[in-house]
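Protein chains in written order, with this note's numbering: chain A, 13 to 272; chain B, 7 to 402.
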Amino acid sequence: MENRIKRLFAEKQGGLLSVYFTAGYPNLNDTVPIILELEKNGVDLIEVGMPFSDPLADGPTIQQSSEIAIRNGMTIPMLFEQLQDIRQHTQIPLVLMGYLNPVMQYGVERFCQKCREVGIDGIILPDLPLADYVREYKHIFEEHNLSKVFLITPQTPEQRIREIDTHTNGFVYMVSSASTTGSTNGKAVANTDYFQRVGKMELRNPAMIGFGIHNNDTFSQACQHAKGAIIGSAFIKAVAQEGSLQENIHSFIQSIRTTA
Amino acid sequence: MKYSVDENGFYGKFGGAYVPEMLYPNVEELRQNYLKIMQEPDFQEELQGLLKDYVGRPTPLYYAKRLSEKYHTKIYLKREDLNHTGAHKINNTMGQILLAKRLGKKRIIAETGAGQHGVATATVCALMGLECIVYMGEVDIERQAPNVARMKMLGATVVPATSGSRTLKDATNEAIRDWINNPEDTYYIIGSVVGPHPYPDMVARFQAVISEEMMTQLQEKEGRDYPDYVVACVGGGSNAAGAFYHYLDRSEVKLVAVEAAGLGVDSGESAATSVLGKEGIIHGSRTLLMQTEDGQVTEPYSISAGLDYPGVGPLHAHLHQSKRAVFESITDEEALQAVLELTRLEGIIPALESAHALAALGRIGAKPEDVVVVNLSGRGDKDLTTYLNRFHFDGE
Ligand SMILES: Cc1ncc(COP(=O)(O)O)c(C=O)c1O
Numbered sequence: 013m014e015n016r017i018k019r020l021f022a023e024k025q026g027g028l029l030s031v032y033f034t035a036g037y038p039n040l041n042d043t044v045p046i047i048l049e050l051e052k053n054g055v056d057l058i059e060v061g062m063p064f065s066d067p068l069a070d071g072p073t074i075q076q077s078s079e080i081a082i083r084n085g086m087t088i089p090m091l092f093e094q095l096q097d098i099r100q101h102t103q104i105p106l107v108l109m110g111y112l113n114p115v116m117q118y119g120v121e122r123f124c125q126k127c128r129e130v131g132i133d134g135i136i137l138p139d140l141p142l143a144d145y146v147r148e149y150k151h152i153f154e155e156h157n158l159s160k161v162f163l164i165t166p167q168t169p170e171q172r173i174r175e176i177d178t179h180t181n182g183f184v185y186m187v188s189s190a191s192t193t194g195s196t197n198g199k200a201v202a203n204t205d206y207f208q209r210v211g212k213m214e215l216r217n218p219a220m221i222g223f224g225i226h227n228n229d230t231f232s233q234a235c236q237h238a239k240g241a242i243i244g245s246a247f248i249k250a251v252a253q254e255g256s257l258q259e260n261i262h263s264f265i266q267s268i269r270t271t272a
Numbered sequence: 007m008k009y010s011v012d013e014n015g016f017y018g019k020f021g022g023a024y025v026p027e028m029l030y031p032n033v034e035e036l037r038q039n040y041l042k043i044m045q046e047p048d049f050q051e052e053l054q055g056l057l058k059d060y061v062g063r064p065t066p067l068y069y070a071k072r073l074s075e076k077y078h079t080k081i082y083l084k085r086e087d088l089n090h091t092g093a094h095k096i097n098n099t100m101g102q103i104l105l106a107k108r109l110g111k112k113r114i115i116a117e118t119g120a121g122q123h124g125v126a127t128a129t130v131c132a133l134m135g136l137e138c139i140v141y142m143g144e145v146d147i148e149r150q151a152p153n154v155a156r157m158k159m160l161g162a163t164v165v166p167a168t169s170g171s172r173t174l175k176d177a178t179n180e181a182i183r184d185w186i187n188n189p190e191d192t193y194y195i196i197g198s199v200v201g202p203h204p205y206p207d208m209v210a211r212f213q214a215v216i217s218e219e220m221m222t223q224l225q226e227k228e229g230r231d232y233p234d235y236v237v238a239c240v241g242g243g244s245n246a247a248g249a250f251y252h253y254l255d256r257s258e259v260k261l262v263a264v265e266a267a268g269l270g271v272d273s274g275e276s277a278a279t280s281v282l283g284k285e286g287i288i289h290g291s292r293t294l295l296m297q298t299e300d301g302q303v304t305e306p307y308s309i310s311a312g313l314d315y316p317g318v319g320p321l322h323a324h325l326h327q328s329k330r331a332v333f334e335s336i337t338d339e340e341a342l343q344a345v346l347e348l349t350r351l352e353g354i355i356p357a358l359e360s361a362h363a364l365a366a367l368g369r370i371g372a373k374p375e376d377v378v379v380v381n382l383s384g385r386g387d388k389d390l391t392t393y394l395n396r397f398h399f400d401g402e
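See below:
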C-alpha cells in the first residue's frame, strides 16, 4: 500500500495544515474523535502525540497535556488499541510523535509492526539521533513502510540538513526558531533568511514548518516558505476550552484557515 | 582503559547523546572542543591556579581515628567538604566556566538539587562576571533554603521548576529547555556525570582531581598510592566518578557506590536506581533509569535533595552492569544516624548526601588492615534545619 504522506504531498501543492495533539487529552478516549473531527474540518495531516513524562523539547502547554494524558491512563498499548480500526473510518495521513524512551520500552521493532498494522504512516522521535537511526533502526522503519521524519533548526548546518534529507522520507520538519514548542514570542515566522536558505537547497523532501505557529497570520506566513505548517500547542489550548470537541475544533480550524 | 568513554560517547552500552536536533549543534560544539581546550597549557595553568588558591585544593585526606576504631578498619576521609562553597561541585564548575569563556559564551545556566551545584555555579559566575540562571525544583528550594539565599546573594537568578516531582529531574528538564531556547550565547554547566556525551566524560575529568590527590596522599601516609576501598555516594555520580577515576582500571581497589534508598528500596519512595532502574533514556543519555513499564520516568524520593534523582550517570550504569563497582543503598534513617555519628566522633557535620556513603561503612566488609577512603563530598550547613528538626537537641 502506498504511503499516505507521500500521496498527500504528491497531490497537494501547498497550504497544508498539519495538527499535533496529545493522545488521551483532554480525555482518555478523545483520540479517535479528535482525528475524525480534524479530518472533517479539512486538516491534511495529523500528528498524534504519545505522552511522555519528561518532554524536553516541549513548552508548558504540551507538558501539561502530556501529564494529564498519562494520568488519564494513556500508554502506547492503549493508543494502538484506540487506533485499531481507524483505517475503516479515515484515510488521512497519521504520524505518531513522541520521545524515544517509551518506544524503546515497548520495543522499536514491535512498535513499527504495530504501526503498520493499524495504518500509521510516519514517526517522529525528536530525541532519536540520526546516526543511531541509520545504524540500528532505518531498515525496520523501511520494512514497515513508515516515513521517518527528522527535525532541522535554524542552527542546523547545511551539510547536516543534506544528511537528514537523505535519510528522511515523507517531509522535513523545519523547526521555526530556536525554541521549545508553544512559544508565541513572535520569532516563529521571523527567520525568513533561514526559510529561504533551506528553500534554495531544493531538498528531496517537502518541508513543513512547525513550533510557534498559532493563528492565521503565522500559518499563512509559514505557508509562503514551505509546503505547509504544523500547529500543536495552540490547538491543544483550543480543544481544552469549554464546549464540545466538535465546536472547538471547528472554530479553531476556521480561525486558522481564514484571514482575520 | 576499560572504563573510559569510547569515541561515540559510550561506556559499554550506556551513554551517547540522545538529544533533539535543537541541541545537536551545542552538544556537537562541546564534543569537538572539550578535550582540545582542556589539554591547552594555558587552560590547565589557569584551572590549577584557581583550584589551589581559590577553591583551596588539595583537600586534606584525613585519618579518622575514632571512626576507624568504631568500624575496626582504617578510614580516611577525603575532605571535599573543605572546598570553597562546601562540596566537590566547584571542581567541575570551575573547569566548565573556563571552558565556557573560551567558547565565548555570555550566559550560564545550571540545574541544582541540593543547591551545592547551584552555589558552585553562581560562585564561579560571580568570579568571572557572567550572568547566571539556576533552575531548582520547588521542593528543593524549600528544603535547601540556605543555598537559595547564597545563590541570590551571589547574583544568580533562581528559577523554580514546578513540573513533575519538582526536584532535580525537573530542574534538569527546565535547564535543557532554556538551552534549546537560547542556543547561541548560553552555556549549560551540568552538575553531575549525566546528560548527553560529552558531559559525563567532561565532568568526570574535572572531578578526577579527587582521586589524583588521593594517590599522592595515600603514598605519603600509607606508602602505596591506592586504598582497598573507595566509598562514595551517587546521585548523578560526579563525586563518585572523581573518587573512582584513577582507580577504575585497578582491580585491587574495590569501588563502593552508595545510593539513596529513601524510605526503603521496596517502599515506593526511593532513589536507588541500580536496584529499581531499567535501561532507558533520560536527559540525553542511555543509562539505568527508574521508570514505569510504559517508559514513563518515575518520581524518586530521598531525604537528600542531591541524591533524589531517578537516573545515574552512564559510567555508573556501566560499573554496575559490569560489576566493577558494588552498589549499596542507604535509607533516610540510616543516613541521619551516620550524620550524628560523624559529628560526635570526629567533629565534622557532613552533608546528607555524603552521610549515605558513611552509613555504608558497616556493610563493606573491610578488615582491620584495610585502607578505606570515604569521599566526604560536602558539609552539612545546608542541612542544619533538617538535622535540628530531626534530632531535637536540648533546649529545642
Ligand atoms: C554534598 C553533595 N554530595 C553529593 C551530591 C550528589 O551528586 P553527585 O552524585 O553528582 O556527586 C550532591 C549533589 O547535590 C552534593 O551536594
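Glycine included, every Cβ here is placed at the ideal spot set by N, Cα and C.
> Taking three-plus beta-carbon pairs below 8 Å as touching, is the segment 67-77 of chain A in contact with the segment 46-56 of chain A?
Replying inline: The segment 67-77 of chain A is not in contact with the segment 46-56 of chain A.
> So, does the CB of residue 35 of chain A fall closer than 8 Å to a CB anywhere in chain B?
Replying inline: Position 23 of the first sequence, counting from 1, holds the residue named residue 35 of chain A. Closer than 8 Å: no.
> residue 370 of chain B by DSSP, collapsed to three states: which one?
Replying inline: Position 364 of the second sequence, counting from 1, holds the residue named residue 370 of chain B. If DSSP states are grouped into helix, strand and coil, residue 370 of chain B belongs with coil.
> What is the C-beta distance between residue 106 of chain B and residue 114 of chain B, in whole angstroms, given that I count them as a contact (C-beta under 8 Å)?
Replying inline: Start at 1 with the first residue of the second sequence, and residue 106 of chain B comes out as number 100. Start at 1 with the first residue of the second sequence, and residue 114 of chain B comes out as number 108. Right, the Cβ-Cβ distance comes to about 6 Å (below 8 Å), so this counts as a contact.
> In terms of alpha-carbon separation, which member of B/20, B/29, B/150 and B/184 lies closest to residue 328 of chain B?
Replying inline: Here residue 328 of chain B refers to the residue found at position 322 of the second sequence. Of the listed residues, the one whose Cα sits closest to residue 328 of chain B is B/20.
> How would you list, in chain order, the residues of chain B whose beta-carbon sits under 9 Å from the beta-carbon of residue 113 of chain A?
Replying inline: As a working note, residue 113 of chain A is residue 101 in the first sequence. Chain B residues near residue 113 of chain A: 24, 286, 287, 288, 295, 297, 301, 302 and 303.
> Could you give the C-beta distance for residue 109 of chain A and residue 59 of chain A, rounded to a whole number, given that I count them as a contact under 8 Å?
Replying inline: Indexing the first sequence from 1 puts residue 109 of chain A at position 97. Indexing the first sequence from 1 puts residue 59 of chain A at position 47. The Cβ separation is near 5 Å, so the contact holds.
> Is residue 102 of chain B near ligand 1, going by C-beta to nearest heavy atom under 7 Å?
Replying inline: Working through the second sequence from its first residue, we reach residue 102 of chain B at position 96. Outside the cutoff, so no.
> Of all the residues that make up the segment 65-87 of chain A, which are near chain B by a beta-carbon distance shorter than 7 Å?
Replying inline: 65, 66, 68, 69, 75, 82 and 87
>> Closer than 7 Å to a non-hydrogen atom of ligand 1 - does that hold for the CB of residue 84 of chain B?
In response: Within the second sequence, residue 84 of chain B is the residue found at index 78, counting from 1. Answer for residue 84 of chain B: no, Cβ out of range of ligand 1.
> Along the segment 187-200 of chain B, what residues have a CB closer than 8 Å to any CB found in chain A?
Replying inline: Within the segment 187-200 of chain B, the residues whose Cβ lies closer than 8 Å to some Cβ of chain A are 187, 188, 189 and 190, listed in chain order.
> Is the CB-CB distance between residue 196 of chain B and residue 192 of chain A below 8 Å?
Replying inline: Counting from one through the second sequence, the residue named residue 196 of chain B turns up at place 190. Counting from one through the first sequence, the residue named residue 192 of chain A turns up at place 180. Not closer than 8 Å, so no.
> Exposed or buried, which one is residue 257 of chain B when buried takes at least 16 other CB atoms within 10 Å?
Replying inline: Here residue 257 of chain B corresponds to residue number 251 of the second sequence, with the count starting at 1. Exposed, by the Cβ-count rule.
> Relative to chain B, which residues along the segment 148-164 of chain A have a C-beta separation below 8 Å, given in chain order?
Replying inline: 162, 163 and 164
> Less than 8 Å separating the beta-carbons of residue 418 of chain B and residue 145 of chain B?
Replying inline: Only positions 7 to 402 of chain B appear in the structure, and residue 418 of chain B is not among them; the question remains open.
> Helix, strand or coil: how does DSSP classify residue 74 of chain A here?
Replying inline: Start at 1 with the first residue of the first sequence, and residue 74 of chain A comes out as number 62. Helix, per DSSP.
>> Using a Cβ distance threshold of 8 Å, determine whether the segment 356-374 of chain B contacts the segment 286-293 of chain B, with at least three qualifying pairs required.
In response: no
>> If contacts are defined as beta-carbon pairs under 8 Å, then residue 141 of chain B and residue 180 of chain B qualify, I think. What distance do you get, rounded to the angstrom?
In response: Position 135 of the second sequence, counted from the start, is the residue given in the question as residue 141 of chain B. Position 174 of the second sequence, counted from the start, is the residue given in the question as residue 180 of chain B. Their Cβ separation, rounded to whole angstroms, is 4 Å, which keeps residue 141 of chain B and residue 180 of chain B in contact under 8 Å.
> Candidates A/74, A/125 and A/132: which alpha carbon is nearest residue 97 of chain A's?
Replying inline: Stepping through the first sequence from its first residue, residue 97 of chain A is reached at position 85. Ranking the options by Cα distance to residue 97 of chain A, first place goes to A/132.
> For the segment 130-142 of chain A, which residues have a CB atom closer than 9 Å to at least one CB atom of chain B, in sequence order?
Replying inline: 138, 139, 140, 141 and 142
>> Using a Cβ-based criterion (distance less than 7 Å to any ligand heavy atom), does residue 123 of chain B qualify as near ligand 1?
In response: Start at 1 with the first residue of the second sequence, and residue 123 of chain B comes out as number 117. Correct: residue 123 of chain B has its Cβ closer than 7 Å to ligand 1.
>> Less than 8 Å between CB atoms is the rule here; does residue 107 of chain A satisfy it with respect to chain D?
In response: Absence of chain D from the displayed structure is noted, the protein chains being A and B.
>> Does the distance between the C-beta of residue 241 of chain B and the nearest non-hydrogen atom of ligand 1 fall short of 7 Å?
In response: For this step, residue 241 of chain B is matched to residue 235 along the second sequence. Yes, Cβ of residue 241 of chain B sits closer than 7 Å to a heavy atom of ligand 1.
> So is the beta-carbon of residue 95 of chain B under 7 Å away from any non-hydrogen atom of ligand 1?
Replying inline: Here residue 95 of chain B is taken as the residue at index 89 of the second sequence, counted from 1. Within the cutoff, so yes.
>> By the 8 Å beta-carbon criterion, what residues does the segment 183-194 of chain A contribute toward chain B?
In response: 187, 190, 191 and 192
> Is residue 94 of chain A helix, strand or coil by DSSP?
Replying inline: Locating residue 94 of chain A in the first sequence gives position 82, where the first residue counts as 1. If DSSP states are grouped into helix, strand and coil, residue 94 of chain A belongs with the helices.
>> Check this for me: beta carbons of residue 101 of chain B and residue 138 of chain B, under 8 Å apart or not?
In response: In the second sequence, residue 101 of chain B corresponds to position 95, counting from 1. In the second sequence, residue 138 of chain B corresponds to position 132, counting from 1. No; because the gap between Cβ atoms is not below 8 Å, this pair is not in contact.
> Cα separation between residue 402 of chain B and residue 396 of chain B?
Replying inline: To locate residue 402 of chain B, count along the second sequence from 1; it is residue 396. To locate residue 396 of chain B, count along the second sequence from 1; it is residue 390. For residue 402 of chain B, the predicted structure reports a pLDDT of 47, less than 50, and the residue's modelled location is therefore unreliable. The matter cannot be settled from this model.
>> Contact criterion: CB-CB distance below 8 Å. Does residue 121 of chain B meet it with respect to chain A?
In response: As a working note, residue 121 of chain B is residue 115 in the second sequence. No - not a single Cβ of chain A is within 8 Å of the one on residue 121 of chain B.
> Can you list, in chain order, the stretches of the alpha helix (DSSP H) that have 4 or more residues and sit fully within the segment 230-278 of chain B?
Replying inline: 244-250
>> Report the CB separation of residue 381 of chain B from residue 95 of chain B in whole angstroms; it is logged as a contact under 8 Å.
In response: Position 375 of the second sequence, counted from the first residue, corresponds to residue 381 of chain B. Position 89 of the second sequence, counted from the first residue, corresponds to residue 95 of chain B. That pair is no contact at about 13 Å.
> Touching or not, the segment 242-252 of chain A and the segment 216-230 of chain A, by the rule of three or more beta carbon pairs under 8 Å?
Replying inline: yes
>> With the cut-off set at 8 Å, would you say residue 1 of chain B and residue 266 of chain B are in Cβ contact?
In response: Nothing about residue 1 of chain B can be reported from this structure: the residues present for chain B run from 7 to 402 only.
>> Checking 8 Å against the spacing of the C-beta atoms, do residue 73 of chain B and residue 282 of chain B come in under that value?
In response: The residue labelled residue 73 of chain B in the question sits at position 67 within the second sequence. The residue labelled residue 282 of chain B in the question sits at position 276 within the second sequence. No, the pair does not count as a contact, with Cβ atoms beyond the cut-off.
>> Checking the sheet assignment: what are the DSSP bridge partners for residue 138 of chain B?
In response: Within the second sequence, numbered from 1, the residue matching residue 138 of chain B stands at position 132. According to DSSP, which records beta bridges pairwise, residue 138 of chain B is partnered with B/114.
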